[in-house]
Amino acid sequence: MASIKDLKKNINFVLSDVIEECYVSQLSGDDKNNAKIEKIIDEAIATFDDLITKVNEKNIENKNKHFKSVNADLESKVNKLLIKLEKLKI
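Position one of the sequence shown corresponds to residue 10 (this note's numbering), numbered consecutively onward.
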């Protein structure tokens with residue numbers, strides 16, 4: 010694990026990319042999916058808040074293991090969000 014700062018940046022960049030992809034989908038798609046895409050954006054923002062809160066926890070016994078689990082959690086949640094977005098494009 011590099012650093013807490015890098016982990017926070019990674020969370021920010023990855024979830025920003027998901028939100029950007031949602032906006033691109035809204036602009037290029039039809040209007041019937043806009044409400045569903047807005048929900049995906051809201052989920053991405055909630056995921057960001059949740060992960061940053063986990064990173065900022067103070068009373069952690071094994072920090073390395075904790076940060077690896079946060080990173081794994083980020084990966085799984087982002088994959089779920091992208092799958093939801095991809096289903097709307099079809």
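C-beta atoms are modelled at their ideal positions from N, C-alpha and C, and glycine is treated no differently. Only a predicted model underlies this, so the values are computations on that prediction, with no experimental measurement involved.
### Query
I think Val79 touches Leu60, with their Cβ atoms under 8 Å apart; what is that distance to the nearest whole Å?
Locating residue 79 in the sequence shown gives position 70, where the first residue counts as 1. Locating residue 60 in the sequence shown gives position 51, where the first residue counts as 1. Confirmed, about 6 Å.
### Query
Which one of Glu70, Tyr32 and Phe57 has the shortest CA to CA distance from Ser95?
As a position in the sequence shown, residue 95 is number 86, starting the count at 1. Residue identity differs from the one stated: residue 95 is Glu in this sequence, not Ser. With distances taken between Cα atoms, Glu95 lies closest to Tyr32.
#### Entry: Proximity winner among Leu24, Ile46, Val23 and Glu70, relative to Ser34 (alpha-carbon distances)
Within the sequence shown, the letter at position 25 stands for residue 34. Nearest of Leu24, Ile46, Val23 and Glu70 to Ser34, Cα basis: Ile46.
### Message
Please return the same chain residues whose Cβ sits closer than 7 Å to the Cβ of Asp82, not counting the five positions on each side in sequence.
### Response
Counting from 1 along the sequence shown, the entry for residue 82 is found at position 73. Excluding sequence neighbours, Asp82 sits near Leu60.
### Query
Where in the region 33–84 do unbroken runs of the alpha helix (DSSP H), each at least 4 residues long, occur, reported from the N-terminal end onward?
Secondary structure in the region 33–84: the alpha helix (DSSP H) runs of 4 residues or longer, each lying completely within the stretch, are 43–64 in chain order.
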